[in-house]
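See structure below.
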Amino acid sequence: MEYYKEEEIKNIEKARDIYDELPKFCSGFFRYIGETTSARTRLGYARDLRVFFNFLKERNPDFKKKEIRDITAEDMNRLTADDLEEFLEYLSYYKQNDKERFNGEKGKSRKLSAVRRLLSYMYKKRLISGNPGELVDTPKIHLKSILTLEPDEVSRLLDIVKSGEGLSPKEKQFHNLIAARDTAIITLLLGTGLRVSECVGIDISDIDFGTNGIMITRKGGNKVIIYFGEEVEAALYAYLAEREEITPLPGSENALFLSIQKKRIGVRAVQKLVKKYSEMVTTLKKITPHKLRSTYGTALYRETGDIYLVADVLGHSDVNTTKKHYAKLSDENRRHAANAVKLGRDES
1 MEYYKEEEIK
11 NIEKARDIYD
21 ELPKFCSGFF
31 RYIGETTSAR
41 TRLGYARDLR
51 VFFNFLKERN
61 PDFKKKEIRD
71 ITAEDMNRLT
81 ADDLEEFLEY
91 LSYYKQNDKE
101 RFNGEKGKSR
111 KLSAVRRLLS
121 YMYKKRLISG
131 NPGELVDTPK
141 IHLKSILTLE
151 PDEVSRLLDI
161 VKSGEGLSPK
171 EKQFHNLIAA
181 RDTAIITLLL
191 GTGLRVSECV
201 GIDISDIDFG
211 TNGIMITRKG
221 GNKVIIYFGE
231 EVEAALYAYL
241 AEREEITPLP
251 GSENALFLSI
261 QKKRIGVRAV
271 QKLVKKYSEM
281 VTTLKKITPH
291 KLRSTYGTAL
301 YRETGDIYLV
311 ADVLGHSDVN
321 TTKKHYAKLS
331 DENRRHAANA
341 VKLGRDES
């Protein structure tokens, strides 16, 4: 699991760089949550809090004359619920490093959550006398319908990945070098519902063809075994036959999926290859690795009707998350149930 150690170190270093930009009292907050959160989570909090303190300096008269690093806990005592509601409005559109930023319901909710957690810590440690975060409502998130590929689109996608049909002349020059790899990646995503970060982190030693299982590391660092079927098995075998002929660069010797540069393939590269092939299947749907995950989850739920199984296989920590996303399918199942039981005797 060298990949995950490397990613953890990178996230720790990135977060520490941001800590140095934030008010000094924030260091205590990050130490406080250090044992219960991953480095990736803390990095997310640091980024969101940086946006918040930039907002205070730009828009709040009480903070305009202060450098962010010099903001004190006493200054935070002046915050009100109105300030946080203004922050939510600010998040709709602002500029950061000369780049325009937009936030929808999810983005606003996440950033408000980071601020709330900081204020809750400060209140608990008696650094502030009140907690205005408790007085602000979380933006309501309206769930969108799940976007997935239909079975014929899945078949078409896999055919294109294998054949290279529709690729530009330049892309076709490299296709024979990556066809088996790309087929294995997309088949694995479609056949297991893995997150793209879980996919790129797989080492060759994580795969056991005796049980058709793969050891993966979930969000939060938990290690679990997921299982794959015959189609995934065939795609992996075909790729591994080519993978054995490649000499990876130092540091990527154990990586399952390699880039053309012979390094462990990254998340961004997988996102790009999914986009490249899927655009030849459908121009109406914006297909990402996460949509391939949703395609698998939808197929599994339709096949089994077991929402708890779907939640477990997809690695959702809360089954209610799964229920929300697959509510429409649950409604379909209930409609089918209406005619599943016959009352009375058949008169025919």
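Each residue of the sequence shown is one higher than the one before, starting from 1 at the first, in the numbering used here.
Ideal placement from N, C-alpha and C gives every residue a C-beta, glycine not left out.
The structure displayed is predicted, hence computed values, not measured ones.
Local Cβ density within 10 Å of residue i, reported as buried at 16 or more and exposed below that
i: Arg78; result: exposed
i: Arg293; result: buried
i: Phe257; result: buried
i: Leu112; result: buried
i: Leu284; result: exposed
i: Phe102; result: exposed
i: Tyr301; result: buried
i: Leu249; result: exposed
i: Asp82; result: exposed
i: Gly133; result: buried
i: Phe351; result: Only positions 1 to 348 of the chain appear in this structure, which leaves residue 351 out of reach.
i: Glu198; result: buried
i: Tyr93; result: exposed
i: Thr187; result: buried
Residue closest to residue i, alpha-carbon to alpha-carbon, out of the options
i: Pro23; options: Asp62, Tyr45, Ser38, Arg69; result: Arg69
i: Leu135; options: Leu147, Leu119, Lys65, Glu150; result: Leu119
i: Ser168; options: Phe63, Lys276, Glu303, Gly315; result: Lys276
i: Asn97; options: Lys223, Arg50, Ser259, Asp82; result: Arg50
i: Glu6; options: His290, Ala255, His316, His325; result: Ala255
i: Asp17; options: Thr282, Arg181, Gly44, Thr37; result: Gly44
i: Asn131; options: Asp137, Met122, Thr138, Pro139; result: Met122
i: Asp312; options: Ser155, Ser197, Lys99, Lys223; result: Lys223
i: Gly213; options: Leu149, Ile225, Ile204, Asp159; result: Ile225
i: Asn176; options: Tyr239, Tyr94, Glu13, Ile216; result: Tyr239
i: Tyr3; options: Thr72, Thr217, Lys323, Ile260; result: Thr217
i: Met280; options: Glu21, Glu165, Ile12, Glu105; result: Glu165
i: Thr418; options: Asp159, Lys108, Arg59, Ser163; result: What the structure shows of the chain is the stretch from 1 to 348, and residue 418 is not part of that stretch, so it cannot be assessed.
Collapsed DSSP secondary structure at residue i in the structure displayed
i: Phe209; result: coil
i: Thr72; result: coil
i: Ile225; result: strand
i: Arg101; result: strand
i: Ile214; result: strand
i: Arg117; result: helix
i: Lys349; result: For the chain, the structure presents residues 1 to 348; residue 349 sits outside this window and is missing.
i: Arg354; result: Residue 354 falls outside the range modelled here, since the chain spans only 1 to 348, and no answer is possible.
i: Tyr308; result: helix
i: Lys108; result: helix
i: Lys65; result: coil
i: Tyr123; result: helix
i: Asp137; result: coil
i: Asp203; result: strand
i: Lys95; result: strand
i: Leu300; result: helix
i: Leu194; result: coil
i: Leu49; result: helix
i: Leu43; result: helix
Distance between beta carbons of residue j and residue i, contact taken as under 8 Å
i: Arg42; j: Phe30; result: 6 Å
i: Phe174; j: Val115; result: Their Cβ separation, rounded to whole angstroms, is 46 Å, which puts Phe174 and Val115 out of contact at 8 Å.
i: Ala235; j: Thr183; result: 5 Å
i: Arg264; j: Ser252; result: 4 Å
i: Leu157; j: Leu149; result: 7 Å
i: Val310; j: Thr322; result: 6 Å
Cutoff 7 Å: residue i Cβ touching any chain D Cβ
i: Gly130; result: This model lacks chain D altogether; it includes just one protein chain.
Contact test: residue i Cβ vs the ligand FMN heavy atom, cutoff 6 Å
i: Glu198; result: Among the ligands in the structure shown, none appear at all, so the ligand FMN cannot be discussed.
Exercise for the section: Flag this pair as touching only if the segment 17-34 and the segment 122-129 have three or more C-beta atom pairs under 8 Å; answer yes or no. Expected result: In short, these stretches touch, since the Cβ pair count reaches three.
Problem - At least 3 beta-carbon pairs within less than 8 Å: the segment 254-269 vs the segment 222-234 - result: As far as the Cβ criterion goes, the segment 254-269 does not touch the segment 222-234, which means the pair count is below three.
Practice task
For the segment 192-204 and the segment 287-302, state whether three or more C-beta atom pairs, one from each stretch, are separated by less than 8 Å.
Solution key: Contact holds: three or more Cβ-Cβ distances are below 8 Å.
Exercise for the section: Could you say if the segment 85-95 and the segment 55-72 meet the contact criterion of at least three C-beta pairs nearer than 8 Å? Expected result: At 8 Å Cβ cutoff, the stretches touch.
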